[in-house]
Amino acid sequence: MTDAAGSYAVTLRNLERRFGEFVAVNRISLDVRQGEIFGFLGPNGAGKSTTIRMLCGLLEPSSGEGTVAGLDIRTQREEIKRRIGYMSQKFSLYDDLTVEENIDFFSGIYRVPREKKAARKDWVLDMANLQEHRHTRTGLLPAGWKQRLSLGCALLHEPRILFLDEPTSGVDPLSRRTFWDLIYEMASQGVTVFVTTHYMEEAEYCDRLALIYRGELVALGTPSDMKGSLMADQVLSVSCERPHEALGVAAGLEGVRDAALFGRDIHLMTEDAGDLAPRLRQVLEARGFQVGTMEPITPSLEDVFVSLIEARDRADGSQQEFKA
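Each residue of the sequence shown is one higher than the one before, starting from 4 at the first, in this note's numbering.
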């Protein structure tokens, strides 16, 4: 690694992980700044959790190199585990233990100094709003409460880098919003937060994003960058009846690069939304569809995501066709 690695919380160069012939992570390179909320975005099975497990010292890379907190992810894995906070999507708690017993257990795992244990326990209970439930068995807690407790346990030893692997999976929207408020608070104190998610609205909360698909890094930048420079096409939003059927008609029209359903509307990626709209309305109405509004809109991250992965799929299909 270069000397510049010291100015970053995480650095990766050509990181790869194989399971037999299957490539789960394919030569990923990126840097995460200290104090940054960095989002790792992608669908289930894209390679997000495999990457984060390598960064946390839980899985050895097949090739490539990287550092976490200045430590080598190949040769200093045990030291990395002691220097970071890690929260998995399963919350990593013991349901048969009480809230307080879980905190005590993780205090030991993270080697919290004896003189700090009481103060850190109180901090977790306050942060998670569980002071009145300290003797409650953890398995009886609602998912949002477990989530906050798991975050508190991951922060007991006051790490400067926090890895969150799909931390809001399975919790209600209000708990997710509360959880992100806690993430902002951690970042404001200088903690680097590396979070994986497949929720597009959560990606908007991050300082920067990496989009991973089929194990490859397909985009890297701020949310506004991705919706600007990475999205060359215009997006035409179409409201009409029977949108599932209309989608198939619209997708086959000349000038439509990609088409996807967004709720009850259709989003079409095109070079010229102004040219496409009248032609599309004419075709749909001729097919018997009742068409409502048609208007160009600012692309969402989901539009960018769909556009990028479908472009990657087309490229992969073209390569396979060429090889054949």
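Where is the CB? At the ideal position from N, CA and C, for every residue including glycine.
C-alpha gap between residue i and residue j, whole angstroms
i       : j       : result
Arg-260 : Ser-240 : 14 Å
Val-238 : Ser-191 : 35 Å
Gln-293 : Arg-179 : 38 Å
Glu-135 : Val-174 : 21 Å
Glu-63  : Leu-44  : 22 Å
Asp-98  : Leu-287 : 55 Å
Glu-248 : Arg-290 : 10 Å
Pro-281 : Asp-275 : 11 Å
Leu-100 : Leu-177 : 26 Å
Val-28  : Asn-132 : 38 Å
Arg-85  : Ile-312 : 36 Å
Ala-318 : Ala-157 : 41 Å
Glu-204 : Asp-316 : 24 Å
Asp-129 : Arg-117 : 20 Å
Val-252 : Ile-40  : 41 Å
Span of the alpha helix (DSSP H), counted from its first residue to its last, around residue i
i       : result
Ser-52  : 51–58
Pro-299 : Taken as a continuous stretch (DSSP letters only), Pro-299 belongs to no alpha helix (DSSP H), being part of the beta strand (DSSP E) at 294–300.
Val-286 : 276–289
Leu-159 : Where Leu-159 is concerned, there is no enclosing alpha helix (DSSP H), given that its DSSP letter is neither H nor E.
Gly-251 : 246–254
Arg-77  : Note, Arg-77: premise wrong, no alpha helix (DSSP H); not H, not E.
Three-way DSSP call (helix, strand, coil) for residue i in this model
i       : result
Thr-181 : helix
Glu-103 : helix
Glu-219 : strand
Ser-240 : strand
Ala-12  : strand
Ala-72  : coil
Val-259 : strand
Gly-67  : strand
Arg-21  : strand
Glu-169 : coil
Environment of residue i [buried if 16+ CB atoms lie within 10 Å]
i       : result
Val-307 : buried
Asn-47  : exposed
Tyr-11  : buried
Thr-296 : exposed
Thr-225 : exposed
Phe-22  : exposed
Asn-17  : exposed
His-138 : exposed
Pro-170 : buried
Lys-93  : exposed
Thr-14  : buried
Terminal residues of the beta strand (DSSP E) in which residue i lies
i       : result
Arg-137 : It is not in any beta strand (DSSP E) - Arg-137 carries neither H nor E in the DSSP assignment.
Glu-118 : Unbroken run through Glu-118 is the alpha helix (DSSP H), 117–130; no beta strand (DSSP E).
Asp-331 : Outside the shown range of the chain, which is 4 to 327, sits residue 331, and nothing can be said about it.
Asp-268 : 268–273
Residue-level contact to chain D via CB, residue i, 7 Å cutoff
i       : result
Thr-181 : Among the chains in the structure shown there is no chain D, since it carries only a single protein chain.
Any 3 or more C-beta pairs closer than 8 Å across the segment 208–222 and the segment 27–47 | The segment 208–222 vs the segment 27–47: in contact.
Do the segment 185–205 and the segment 156–176 touch if we need at least three Cβ pairs shorter than 8 Å?
-> Here the segment 185–205 makes contact with the segment 156–176; the two share three or more CB pairs at distances below 8 Å.
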